[in-house]
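Structure record follows, encoded as structure tokens.
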Amino acid sequence: MDEKCAFQTKTFLRDPKLLNGSVHYGLIMEFILISSKVLIYLFLQSSVHAGTGAILPAVFRPQAFLPISAPLVVASFLPHSGVKPALFWQFLLQSYSAGFNHANRNASSDKGIKTSLKQGLLIVGSVAYATCAGAIPQIVIQRLSMSSPAVQMFFRSVLPIPLSASLAYFNVVIVRSEESENGIQVFDSNGNSVGISQAAGAKAVRETALSRAALLGTTAAVPNLLIFLLQKARFLQRSPLLVAPIRHISTAIVLGLMIPVSFSLYPQLGTIKKEKLEKELETAAGGGFLYLYSGYVVPGTAELAEHKGVQALAVLCETALTEQDLPELSTD
Numbered sequence: 003m004d005e006k007c008a009f010q011t012k013t014f015l016r017d018p019k020l021l022n023g024s025v026h027y028g029l030i031m032e033f034i035l036i037s038s039k040v041l042i043y044l045f046l047q048s049s050v051h052a053g054t055g056a057i058l059p060a061v062f063r064p065q066a067f068l069p070i071s072a073p074l075v076v077a078s079f080l081p082h083s084g085v086k087p088a089l090f091w092q093f094l095l096q097s098y099s100a101g102f103n104h105a106n107r108n109a110s111s112d113k114g115i116k117t118s119l120k121q122g123l124l125i126v127g128s129v130a131y132a133t134c135a136g137a138i139p140q141i142v143i144q145r146l147s148m149s150s151p152a153v154q155m156f157f158r159s160v161l162p163i164p165l166s167a168s169l170a171y172f173n174v175v176i177v178r179s180e181e182s183e184n185g186i187q188v189f190d191s192n193g194n195s196v197g198i199s200q201a202a203g204a205k206a207v208r209e210t211a212l213s214r215a216a217l218l219g220t221t222a223a224v225p226n227l228l229i230f231l232l233q234k235a236r237f238l239q240r241s242p243l244l245v246a247p248i249r250h251i252s253t254a255i256v257l258g259l260m261i262p263v264s265f266s267l268y269p270q271l272g273t274i275k276k277e278k279l280e281k282e283l284e285t286a287a288g289g290g291f292l293y294l295y296s297g298y299v300v301p302g303t304a305e306l307a308e309h310k311g312v313q314a315l316a317v318l319c320e321t322a323l324t325e326q327d328l329p330e331l332s333t334d
């Protein structure tokens, strides 16, 4: 909502004479009603799984991703003094990532609503593997007693960049592998479900994995590059105690800035070309493509329209008021 619009509305409502005698009373009341519906709708968007209608756990909702993942990411990038702390923080980070990916998966196929035993074992195995792999730099330094500054710099500053990106990609691919195997729903231009497509499921998982790899890879790279440049400029040579705070703060800031960027790398309501679909779905691909939902950010009104148990508030898009719809009100 525009700040000017909000200020004018508040001014109007505080003046009883304006409120009672104005011909715009109905317009303002309608504006307030629609605004409240929009807020409720946005809350439901981030609290309810779009495919199943189930309430998402609070820790796995999109708005909780940054406050929970930021300390885990910062702690996992620390130069730990031992192997156990590195394994501990990697375990927490990989477990939360797996839980978030699984909770926000695309469960539009009937088989994807309930997690199978096979998928549960895959999730546990992926967390265990990623935990050990994420701690490799610390394990190598600790077990091989490497004291060379160049070697330590490689394992602490260079290797974590591709390693973090690879593990983030791996986490999504394994945790959401059922989407590739069972397929996900695809829709035509009118929002009608036309069937289940394995090709669409593989595409959605691949794009989500790439966006998550970009998120963690960039978060690992930028702080290390910043520290390197500051050391070259001899800024940190005079104040070496500032290295750790700058690294931690910059990591959290980069993560916060990269979350919306990575989530927007691929549209949540994506498309898949006709030639990449299964043969039985090609005839339904009007215009040469069908729509698919990536799954890890709750979609908007058009995307929700055909999901089970969810009624889209499409009327809000048609009747929502803009700043021009409100009268210019005087504060006199």
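All letters in the sequence shown, in the order written, are residues 3 to 334 by this note's numbering. Virtual Cβ for every residue (Gly too), placed ideally from N, Cα, C. Since the model is a prediction, treat every value here as computed from it, not as a measurement.
(request) Figure out for me which residue from I261, W91, S179, F79 has the closest Cα to the Cα of P164. (result) F79
(request) Kindly indicate which three-state DSSP category K116 falls into: helix, strand or coil? (result) coil
(message) Considering Cα atoms alone, identify which of A201, L294, A105 is closest to A66.
(response) A105
(request) Take A137 and list the residues in its own chain whose beta-carbon comes closer than 8 Å to its own, dropping the five residues that flank it on each side. (result) V85, A88, L89, Q92
(message) Tell me which residue opens and which closes the beta strand (DSSP E) that K275 is part of.
(response) 271-275
(message) L257 and V75 - do their beta-carbons sit closer together than 8 Å?
(response) A contact, by the Cβ cut-off of 8 Å.
(request) Could I get the ranges of all uninterrupted alpha helix (DSSP H) runs contained in the stretch 72-108, with 4 residues as the minimum, in chain order? (result) Runs of the alpha helix (DSSP H) inside the stretch 72-108: 85-105.
(request) Give the secondary structure of S182 by DSSP, where H, G and I count as helix, E and B as strand, and everything else as coil. (result) Per DSSP, reduced to three states, the secondary structure at S182 is helical.
(request) Determine the direct distance from the alpha carbon of L292 to that of K276, and round the result to whole angstroms. (result) 7 Å
(message) Which complete alpha helix (DSSP H) runs does the stretch 159-239 hold, if anything under 4 residues is left out?
(response) 162-177, 179-184, 200-234
(request) Please report the residue range of the beta strand (DSSP E) in which L294 lies. (result) 291-295
(request) Using alpha carbons as the reference points, say which of T221, V153, T133 lies closest to V142. (result) It is V153.
(message) Taking the straight line between their C-alpha atoms, what separation do you get for L244 and F230?
(response) 13 Å
(request) Leaving aside the five residues before and after Y144 along the sequence, list all residues of the same chain whose C-beta is less than 6 Å from its C-beta, in chain order. (result) At residue 144 the sequence reads Gln, which differs from the Tyr that was named. Closer than 6 Å at Cβ, skipping near neighbours: V85.
(request) Give me the Cα-Cα distance between R214 and A170, rounded to the nearest whole angstrom. (result) Whole-angstrom Cα-Cα distance: 6 Å.
(request) Decide if K205 is buried, meaning its Cβ has at least 16 other Cβ atoms within 10 Å, or exposed. (result) buried
(request) Could you check if I57 is buried or exposed, using at least 16 other CB atoms within 10 Å of its CB as the buried criterion? (result) exposed
(message) Between which two residues does the alpha helix (DSSP H) holding K281 run?
(response) Counting along the chain, the alpha helix (DSSP H) containing K281 begins and ends at 281-284.
(request) Mind checking which residues open and close the alpha helix (DSSP H) that includes S252? (result) 245-265
(message) Assuming contact is defined by CB atoms lying nearer than 8 Å, are I176 and S111 in contact in what I supplied?
(response) No; because the gap between Cβ atoms is not below 8 Å, this pair is not in contact.
(request) Just the C-alpha distance for N184 and H250, rounded to the nearest angstrom, thanks. (result) 41 Å
(request) Determine the closest residue to A167 out of S195, P59, T221, A201, with distance taken between C-alpha atoms. (result) Ranking the options by Cα distance to A167, first place goes to T221.
(message) For L283, count the other beta carbons within 10 Å of its own beta carbon; 16 or more makes it buried, fewer makes it exposed. Which is it?
(response) buried
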